[in-house]
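Data first, discussion second: the structure below is written as structure tokens.
Chains as they are written, first to last, in the working numbering: chain Y, 7 to 412; chain A, 1030 to 1260.
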């Protein structure tokens, strides 16, 4: 097998140039197949990234600690019903090695009043670390600091929805509002982050120091929730174990008793969500791969036609010295070039479709290099696989009969 | 002509060929014995269906005989594999067919280069040799890149000769080479064969049913009903 590959490739291009319409129609199956793989994978990856973003937006490496449920006379309440978590717990957790920071929260719905306006908002008593844990910066004014938390100061930082409802276009910073009949000075406004993955308006929020919340609004000595940010993604599990051990010790829970608190690991939820998005992507790609298969059959069909049409040429090549492998290689290269050509056009079309989808629909698409590379490899593989039978048939022709063919 | 004139190039011993078409066996060649020496200009005559083309295919290593032995330059080629036969055709035999048999989608020069590529020459080497062969059969440089359908029948047949001689084959087999040409072109073509025979000491085996064409050869056989009837 000495015939130069480059000449086979050149010859393949010549063949296509002579039968432009036929070659294009033959590759159409591959074009559509590759384009749909690229487009669907980009939709799948976009969906996966959206889920990831939504979860990341809730905070980085976040663990949420809730009080346990109570069991009174066989009635089991949900999590968060027991007064088992305290500010002291939160402070102790903060000192754990795998923990970066934490925020103890109490959330209640209250009317917020400013002059003649009032608005029902979610009021969150939280720590000064809230903007860090929730990755949620302040755009106007500032967030309350540790000292204001320690002294249970009457200060509030509001979300944009609350700001708009009460103050319209005015800057709310510096004004006094009433919450639960207690005056609060607005010292800052949070950046607008819109709706969360569950459709809740996250900007419909007023934050006040946790201590102020406990003493002046809720009148309780325990907290609803402690949010913990681990040092890194890796550390979330370690932090979870450390917190469990610490709280069990602090709450004096004997070894045979269950926890009186519950820890939710958002990283785990994120992993579950993104793996389900991945399955979705694979499923879409598998459906699209079927059309690649159909495209391959189209190539096989036209290569068989081509072998028949060029029987005489094959005979001539054999007469002047082509061996079986030379003919086999020639036709395999031809079918591979044909499907690779389809693959490249398909990639172009796929990228176009993916861009179009992200422009005209709310779906977010992400294109990575992997599906493109895989498509190229796959389309050549389709060419080789489906081109093999016609090429084998050509290479086994009898030279005398091939030369006699008209 | 040459000191090697007595060297045997081709020796057929009791060659027989049977074609099977369904249940019927057709005996195309019967007990053929033949010796051809180096540098001979040899003609095989016979009517259509006489078996001369079958004989030509066996001599050209395109087909294997059902019986007998075929020695080509002392090598028994009657039992060789298809690939080995392809190699022998590539190195030792040049073909000129009745219908020219040029590949229509390849240019004139690409057609001539083809055997050289299968022999493993580089594109550059093949190009040099192909140009030489084309000059030898009077195909001008400006027609090298034409396609076969852009040149005349006579020119196409000369290109076919160039392809047959480009790799210095020791044997040229021509199957009815003048079949598609008028008498002027036929004579011109035969002169080329004479020239190659004389200058390169190539053995030329000519299959024809035209006595005028056969007259160019120095030795003749006639095949009839699968037998050699006149040697």
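Ideal placement from N, C-alpha and C gives every residue a C-beta, glycine not left out. Bear in mind that the values here come from a model prediction, so they are computed numbers and not experimental data.
Using a Cβ-Cβ distance cut-off of 8 Å, determine whether residue i contacts chain Y.
i                       : result
residue 1077 of chain A : no
residue 1316 of chain A : No statement about residue 1316 of chain A is possible, as the shown extent of chain A runs from 1030 to 1260 and does not include it.
residue 1147 of chain A : yes
residue 1040 of chain A : no
residue 1033 of chain A : Bear in mind that the predicted position of residue 1033 of chain A carries a pLDDT of just 49, short of 50, making it too unreliable to give a figure here.
residue 1115 of chain A : yes
residue 1111 of chain A : yes
residue 1124 of chain A : yes
residue 1132 of chain A : yes
residue 1119 of chain A : yes
residue 1091 of chain A : yes
residue 1086 of chain A : yes
residue 1030 of chain A : For residue 1030 of chain A, the predicted model reports a pLDDT of 44, less than 50, meaning its position is unreliable and no value from the coordinates is stated.
Under 9 Å Cβ-Cβ, which residues of chain Y neighbour residue i?
i                       : result
residue 1209 of chain A : Simply none; closest approach about 14 Å.
residue 1187 of chain A : Chain Y residues near residue 1187 of chain A: none, gap ~16 Å exceeds 9 Å.
How about residue i and residue j: are their beta carbons less than 8 Å apart?
i                       : j                       : result
residue 1189 of chain A : residue 1135 of chain A : no
residue 193 of chain Y  : residue 168 of chain Y  : no
residue 1261 of chain A : residue 1066 of chain A : Residue 1261 of chain A lies beyond the range of chain A shown here (1030 to 1260); nothing can be said about it.
residue 1045 of chain A : residue 1058 of chain A : yes
residue 129 of chain Y  : residue 298 of chain Y  : no
residue 1039 of chain A : residue 1088 of chain A : yes
residue 294 of chain Y  : residue 39 of chain Y   : yes
residue 217 of chain Y  : residue 156 of chain Y  : yes
residue 116 of chain Y  : residue 186 of chain Y  : yes
residue 108 of chain Y  : residue 235 of chain Y  : yes
residue 1192 of chain A : residue 1141 of chain A : yes
residue 287 of chain Y  : residue 51 of chain Y   : yes
residue 143 of chain Y  : residue 197 of chain Y  : yes
residue 308 of chain Y  : residue 24 of chain Y   : no
residue 304 of chain Y  : residue 32 of chain Y   : yes
residue 1107 of chain A : residue 1093 of chain A : yes
residue 195 of chain Y  : residue 178 of chain Y  : yes
residue 329 of chain Y  : residue 408 of chain Y  : no
residue 440 of chain Y  : residue 246 of chain Y  : Coverage of chain Y is limited to positions 7 through 412, which leaves residue 440 of chain Y absent and any answer about it impossible.
residue 191 of chain Y  : residue 160 of chain Y  : yes
residue 139 of chain Y  : residue 252 of chain Y  : no
Less than 8 Å between CB atoms is the rule here; does residue i satisfy it with respect to chain A?
i                      : result
residue 324 of chain Y : yes
residue 409 of chain Y : yes
residue 332 of chain Y : yes
residue 21 of chain Y  : yes
residue 405 of chain Y : yes
residue 338 of chain Y : no
residue 13 of chain Y  : yes
Residue i touches chain Y at which residues, Cβ-Cβ below 8 Å?
i                       : result
residue 1144 of chain A : 326 and 327
residue 1231 of chain A : Within chain Y, no residue comes near residue 1231 of chain A; the closest Cβ sits about 16 Å away, beyond 8 Å.
residue 1192 of chain A : 326
My understanding is that residue i touches residue j, with C-beta atoms under 8 Å, so please give their C-beta distance in whole angstroms.
i                       : j                       : result
residue 1194 of chain A : residue 1162 of chain A : 6 Å
residue 1235 of chain A : residue 1071 of chain A : 7 Å
residue 90 of chain Y   : residue 73 of chain Y   : 4 Å
residue 301 of chain Y  : residue 49 of chain Y   : That pair is no contact at about 20 Å.
residue 1079 of chain A : residue 1248 of chain A : So it is not a contact: roughly 18 Å between Cβ atoms.
residue 360 of chain Y  : residue 393 of chain Y  : The pair is not a contact, with the Cβ atoms about 29 Å apart (cut-off 8 Å).
residue 199 of chain Y  : residue 71 of chain Y   : About 23 Å separates the two Cβ atoms, so there is no contact after all.
residue 381 of chain Y  : residue 352 of chain Y  : 7 Å
residue 248 of chain Y  : residue 102 of chain Y  : 5 Å
residue 1229 of chain A : residue 1183 of chain A : About 21 Å separates the two Cβ atoms, so there is no contact after all.
residue 397 of chain Y  : residue 337 of chain Y  : 3 Å
residue 1209 of chain A : residue 1128 of chain A : 6 Å
Below 8 Å on C-beta distance, what does residue i contact in chain A?
i                     : result
residue 28 of chain Y : Result: empty, since nearest Cβ-Cβ is about 14 Å, beyond 8 Å.
Could you work out which residues of chain A lie near residue i, taking near to mean beta carbons separated by less than 7 Å?
i                      : result
residue 10 of chain Y  : 1146 and 1152
residue 319 of chain Y : 1132
What runs of the alpha helix (DSSP H), each 4 residues or longer, lie entirely inside the stretch 186 to 260 of chain Y?
241 to 256
Minimum length 3: unbroken beta strand (DSSP E) runs contained in the stretch 1138 to 1225 of chain A:
1200 to 1204
For the stretch 141 to 176 of chain Y, which segments carrying the beta strand (DSSP E) assignment without a break, of at least 3 residues, lie completely within its bounds, in sequence order?
Listed in chain order, the beta strand (DSSP E) elements of length 3 or more contained wholly in the stretch 141 to 176 of chain Y are 144 to 147 and 161 to 164.
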